[in-house]
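The structure under discussion appears below in the form of structure tokens.
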Amino acid sequence: MKVMIVEDEMLLAMELESEVEMAGHQVTGLAMSSIQAREQINASKPDFAFVDIHLMDGPTGIDVGRELAAAGIPYVFVSGNIKKIPEGFAGALGAIEKPYTMNGMKNALTYISAIVGGDESESPPASLVLAEDANAGKRFG
């Protein structure tokens, strides 16, 4: 799976990149702003994206998410405050709350990879808040 990472905290972006690659996926690019994210979307055509809400150019991750959804690219938000995600999650599959554990991210990535690949038999991990259950605040796993 080709994965794009939209995160303005370089250390977190690098850790996530490492986790994605260790899971056998390819990172198509890192973006720290909405402008870089738009360039990456058009240049690399990722299969999936992790998107932080607050980027270098402000709280523009939601706009990036909407563009990904419009392009048919599934994504999840990775945020320290998932309450800032609009109702309906702006087309995201769900969200992973910071701080997250590497094990939690690995479990979420396994689930996301299965979903993107068309396998809906996997159970969502506790580290992933699904969009359809966000209003109820439920976590699964």
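Counting in the working numbering, the sequence shown runs from 507 upward without gaps.
Where is the CB? At the ideal position from N, CA and C, for every residue including glycine.
Grouping DSSP H, G and I as helix and E and B as strand, with all else coil, what is A640?
Unreliable positioning characterises A640 in this predicted model, as indicated by a pLDDT of 47, which lies under 50. The coordinate reading is nonetheless provided below. If DSSP states are grouped into helix, strand and coil, A640 belongs with coil.
For G530, which of helix, strand or coil comes out of DSSP?
Coil.
Continuous beta strand (DSSP E) stretch holding M510: start and end
In this chain, the beta strand (DSSP E) harbouring M510 covers 508–512.
Give the C-beta separation of K508 and P580 to the nearest angstrom, bearing in mind that I take them to be a contact with Cβ-Cβ under 8 Å.
Contact between K508 and P580 is absent: CB atoms are separated by about 12 Å, not below the 8 Å threshold.
For a quick check, are the C-beta atoms of A637 and E628 less than 8 Å apart?
Going by C-beta atoms, A637 is not nearer than 8 Å to E628.
Go through its chain and collect everything with a Cβ distance to K644's Cβ below 7 Å, but skip five positions before and after it.
Confidence is the limiting factor: at K644 the pLDDT is only 32, short of 50, which leaves the residue's position unreliable, though a coordinate-based value still follows. Around K644: no qualifying Cβ.
Check A598 in the structure and name its three-state DSSP category.
Reduced to three states, the DSSP call for A598 is coil.
Cβ contact check for the segment 586–593 and the segment 555–574: 3 or more pairs under 8 Å
Judged by Cβ distances under 8 Å, the segment 586–593 makes contact with the segment 555–574, as three or more pairs qualify.
With A543 as the anchor, note down where its alpha helix (DSSP H) starts and where it stops.
In the DSSP assignment, A543 falls within the unbroken alpha helix (DSSP H) covering 540–550.
Per DSSP, A537 is paired with what?
Paired residue(s): V512.
Can you list, in chain order, the residues of its chain whose CB lies under 6 Å from that of M510, leaving out five sequence neighbours each side?
Contacts found: T534, G535, Q546, P552, A555.
Neighbourhood of D563 by C-beta distance below 8 Å, restricted to the same chain and skipping five residues each side:
Counting only Cβ-Cβ distances below 8 Å, and skipping sequence neighbours, we find S539, S540, I541.
Looking only at DSSP bridge pairs, what is S585 linked to?
DSSP output for S585 lists E603 as bridge partner(s).
Please name the residue or residues paired with L561 in a DSSP beta bridge.
Bridge partners of L561 according to DSSP: G564.
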